[in-house]
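Worksheet: the structure to be examined is printed underneath.
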Amino acid sequence: MSRLAPEVLSRYEPVIGLEVHVQLATLTKAFCGCSTKFGSAPNSNTCPVCLGLPGALPVLNKKALDLAMRASMALQCQIQERSRFARKNYFYPDLPKGYQISMYELPLAIHGCVEIELEGRKKRIGVTRLHMEDDAGKSLHEGFAESGRWSYIDFNRCGTPLAEIVSEPDLRTPAEAYAYLNTLKQILEYTEVSDCNMEEGSLRCDANVSVRLRGAPQFGTKAEVKNLNSFRYLSHALEYEIERQIELLESGGTVVQETRLWNVAAGRTEPMRSKEFAHDYRYFPDPDLLPVSISPARIEEVRRSMPELPDAKVARFLRDYGLTPYDAGVLTATRSLADYFEAAVRAGAPAKAAANWIAVELLRRLNDAGKGIAECPVEPAALAELLAKVEKGEITAASGKKVFATMFDTGKRAAEIVAAEGLAQISDTGAIEKIAREVVAKSPDNVAKYRSGNEGVFKFFVGQVMRETRGQANPQVVNEILKRVLAE
Amino acid sequence: MSGAAPWTIAGVRAALAAKKISARELAAEFYSRIDRRNAELNAYLTLSPERAYAQADRIDAAVSRGETLPPLAGVPMAIKDVISTRGVRTTCASKMLEDYIPPYDATAAERLERAGAVFLGKTNCDEFAMGGSNENSAYGPVRNPVALDRVPGGSSGGSAAAVAAGLAVAALGTDTGGSIRQPGAFCGIPGLMPTYGRVSRYGLVAFASSLDKIGPFAGNVADIAAVTAAIAGHDTYDSTSAAVPVPDYAAGLEKPVQGLRIGVPEDYFGKGLDPEVQEKIHAGIALLERLGCRRIPLRMPHTDYAIATYYIIATAEASSNLARYDGVRYGLRAPGATLTEMYRQTRDRGFGSEVKRRIMLGTYVLSAGYYDAYYLRAQRVRALIARDFSDAFEKVDAIITPTAPTTAFRLGEKTADPLQMYLADVYTVTGSLAGVPGISVPCGKTRAGLPVGLQIFGPHFSEERVLQIAHAFEAAGGFSL
């Protein structure tokens, strides 16, 4: 809870910019042919190049450049005709070359934007630049027999291609920062630039935070907060840091420009020891790599390979499938869910019914099972078969839900379950009339009530018929027959 | 075979084909020569008989099967110790890498092996190729086989001395600011610096990445052409290697030089040039004129700035390239209580003083606040120097200069004054900065019997022409003017 009174907090305006690192979804590393596979045995995905052995040289992975270009386009950036890799020099044990290959003076792309939506209001957040770089290895300080004496290094991640996306200081609240990161993540997943898996470190976030009195013309002094590697941390850390700075200013202090680390366990930001970040990186163009020249033709080629972006997909779902804005929003939340929906429609499912079933039944079951759409046991075509049965009246909607549950649990197809459980809807008027007559014959009292004008009793008879048919009777047929029999 | 005419690549080939000697016997012969001479010369740091005999045996098997032999079949070669060789220690003449054994071959080494060469061993040099006298080796200086009290030049002094002393038929060196041409001149053998991008740098331990080139030493120009042909060409492992076709250098050697325009820049004949060297170079130019070349006077106005420019760019790149020697993963690790202390101790003990000097210089010129004044300005001057060359090549087909202002100096003569040492690079660094090919060929000896080197520059990727002129010069007796 806030340590400051709301009146105090509201006098200040936070100014936030995010620096987001995403792992580009390539099979191999940025400058060598080693696999980027996560979770391999330590140091198994390494070679002279990514280990920085003497004499080894980097060669740019074309696919990584393509993905970075795609990301640039999706973020509406201008891709520069000429960009250049530079060396960022610093010593660190998991940095085998003694420098990181990054882009400095000439980034790949500049001047983009991301549109976020918050409580129905839209806002454009500027993207200053997008550049490529390679990742470092990972220092492991515990978990080994001799961890007390030594640190261990796993270089599997070393050389993994990253894109760094730097936003303008356009964000004004932690909620906006959250929405920005969420939208960015959605765009990058959609365009298959990155799997954005935060647990595996595919998406990492640092924030530049300052506060100023509302209406003040200039930004306050900023602090850089590192290690915001989940959405939860981002919100918490930003809230903490904003209040820390306001508190500092309110008590007559000043904010120091520094790098702070979000301490997850303590729930606060803490200054990093100055030695850990006070670097003169001595950037200079990397003489081992040629400048990156990108022709209009190349841009066009990448543009053509660009998948549909979320906004365009929502618009198309509204237009082509007549979905409600709510359903369109739910179904386009991730590209895989949208693809699932469209696959079901292509397999013959009526669009609105499919939207409804996916948004309600499917997502609820996936949620309960803690699964993503990629692991959904019901294939789109199987869902389409089920919906066709409901649509044609072969089973009731109520049975449909039961069948779906079984499909989800067992992976069996609808037809098999319907047959095995005898759920086929009974529309045979003869069979239903026979049951209706039996039901009516068993309850002379209720027949009398009905005939004396108590129409509420009709529901009792319907219920009895449905019970006898285990819910499989066509409700419309039951109504008609009962009305006729009772009128006799 | 000692005492007889020196082995050439063609001679090795003929002897193997005629079964006068096997590749294994030839390798053994060279190892026995090395046994006799190396203690004195210190040209080799590491011998690799296991690999050499395995390579030789493969050639002998091919001979016995009557197969067509690859171009360098059985040729005993030396490789400068900054070029990575799989399974063979590669020290860069540094304490830092005393026990470092690369798990992979440099592309140039791999291509030599494929061409049939036999790797006798790794040759001494200035530490990380930084120096012009081979006195900066952590394993002691190399002596010049022509005059044992003199330096062989550097940084590829071991390779030059090995070839000059008959301890290898040919050798690979590397040239960043003159490190092939100047030792070639000092030891009296030809040595070629190819165009930047002509030979892959993959596996060459980097000193200054935008300037480093691998090139050959040999006893004659035809052998230089043969080794160059074997190692040249595009390599997907080096982004800066050029996808320019490799001509048949051997076929171009005999073309007449009649009518070629040779530029003689007066900027290379000023203060500091030893009069005896100047005399020989003029005699060399006169010889080329007699062969039908047209002499054209030139001005290359930015020549004076080349040394300063070179030492800013080369050291800047070196400061970054040598950051990886931190004691963490391979090479020397000196203990330290903290990580920083371990870094400091390791780099203090691992590097010699010239390497440290250059790392400090390079770190300085890249520092915040100095970058624009030094590194960026040096890049601009580099472009001007490159333009001097491209302007010149509008008017001439090749440029002829002395390789070095002096002949081989005495061991210890310049070690106290690094700046004097740097100035010895004055005629070679220009072409290095421009990225053009340059060869040094012997051009007679001074009265004291010390070899003089004549340097021939050509436009980018004109190795064929440079070799053609060098070959004509050699054929006309220019080497012993």
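Protein chains in written order, with this note's numbering: chain A, 1211 to 1698; chain B, 1284 to 1764. Note that CB positions come from ideal geometry on N, CA and C, so glycine has one too. Predicted, not measured: the structure shown is a model, and the values here were computed from it.
Subject >> Range of the contiguous alpha helix (DSSP H) that encloses G1640/A >> reply: 1639-1652
**OP:** State the DSSP-derived secondary structure class of R1442/A, mapped to helix, strand or coil.
**Re:** helix
Original post:
Of all the residues that make up the segment 1496-1528 of chain B, which are near chain A by a beta-carbon distance shorter than 8 Å?
Top reply: T1519, Y1520, D1521, S1522, T1523
Original post:
Alpha carbon to alpha carbon, how far is E1562/B from Y1594/B?
Top reply: 29 Å
**OP:** Indicate whether the contact test is met: 3 or more Cβ pairs, each with one atom in the segment 1524-1538 of chain B and one in the segment 1736-1754 of chain B, closer than 8 Å.
**Re:** yes
Subject >> 8 Å Cβ cut-off: residues of chain B touching V1269/A >> reply: T1519, Y1520, D1521, S1522
**OP:** Over the uninterrupted alpha helix (DSSP H) stretch that includes A1373/A, give me the two end residues.
**Re:** A1373/A -> not in any alpha helix (DSSP H); beta strand (DSSP E) instead, spanning 1371-1377.
Original post:
Given a limit of 7 Å on CB to CB distance, which residues of the segment 1294-1306 of chain A reach chain B?
Top reply: R1297, N1299, F1301, P1303, P1306
Original post:
For P1734/B, which residues of its own chain have a beta-carbon under 7 Å away from its beta-carbon, when the five flanking residues on both sides are left out?
Top reply: V1429, A1468, F1469, C1470, G1471, T1690, P1725, K1728
Subject >> Secondary structure of A1620/B, DSSP reduced to three states >> reply: coil
**OP:** Consider the Cβ of E1600/B: report whether some Cβ of chain A lies at a distance smaller than 8 Å.
**Re:** yes
**OP:** Express the C-alpha separation of V1524/A and T1544/A in angstroms, rounding to a whole number.
**Re:** 11 Å
Original post:
CA-CA distance, P1216/A and E1451/A?
Top reply: 16 Å
Original post:
With 16 as the cutoff for other CB atoms within 10 Å, does Q1155/A come out buried or exposed?
Top reply: Missing from the structure shown is residue 1155/A; chain A here goes from 1211 to 1698 and no further.
Original post:
Is G1736/B helix, strand or coil by DSSP?
Top reply: strand
Subject >> Any chain B beta carbon closer than 8 Å to S1220/A >> reply: no
Original post:
So, are the CB atoms of A1707/B and A1687/B less than 8 Å apart?
Top reply: yes
Subject >> Those runs of the alpha helix (DSSP H) which lie wholly inside the segment 1439-1470 of chain B and span at least 4 residues >> reply: 1440-1447, 1464-1470
Subject >> Among F1634/B, S1602/B, V1358/B, A1345/B, the one whose alpha carbon lies nearest that of G1294/B >> reply: V1358/B
Original post:
Would the beta-carbon of D1382/B fall within 8 Å of that of T1373/B?
Top reply: no
**OP:** For L1696/A, collect the residues of the same chain with a Cβ closer than 8 Å to its Cβ; drop the 5 residues on either side in sequence, then sort them by chain order.
**Re:** V1650, V1657, Y1660, R1661, F1668, F1671
Subject >> V1588/A and V1403/A closer than 8 Å at C-beta >> reply: no
Subject >> Stretch pair the segment 1619-1628 of chain B + the segment 1312-1319 of chain A: three plus CB contacts closer than 8 Å >> reply: no
**OP:** Kindly indicate which three-state DSSP category H1341/A falls into: helix, strand or coil?
**Re:** strand
Subject >> Exposed unless 16 or more other CB atoms sit within 10 angstroms - verdict on G1463/A >> reply: exposed
Original post:
Counting only runs that start and end within the segment 1271-1357 of chain A, where is the alpha helix (DSSP H) found for 4 or more residues in a row?
Top reply: 1272-1284
**OP:** Could you tell me which of A1322/B, T1351/B, Y1710/B, S1331/B sits nearest to G1553/B, measuring between CA atoms?
**Re:** Y1710/B
**OP:** Find the nearest neighbour of I1642/A within the set A1629/A, A1615/A, R1680/A, judged by alpha-carbon distance.
**Re:** R1680/A
Original post:
Alpha carbon to alpha carbon, what distance is there between L1423/A and P1590/A?
Top reply: 54 Å
Original post:
Using the C-alpha atoms, what's the distance from D1409/B back to S1416/B?
Top reply: 7 Å
**OP:** Taking only beta-carbon positions, decide if D1276/A is within less than 8 Å of chain B.
**Re:** no
Original post:
By how many angstroms is the C-alpha of Y1658/B removed from the C-alpha of I1366/B?
Top reply: 27 Å
Original post:
By the 10 Å Cβ neighbour count, where 16 or more other Cβ atoms means buried, how is Y1536/A classified, buried or exposed?
Top reply: exposed
Original post:
So, using beta-carbon positions, are R1470/A and M1482/A closer together than 8 Å?
Top reply: yes
Subject >> Other residues of its chain near K1332/A: CB distance less than 8 Å, five sequence neighbours each side excluded >> reply: E1325, I1326
Original post:
Since S1522/B contacts N1299/A with CB under 8 Å, what's their CB separation in whole angstroms?
Top reply: About 20 Å separates the two Cβ atoms, so there is no contact after all.
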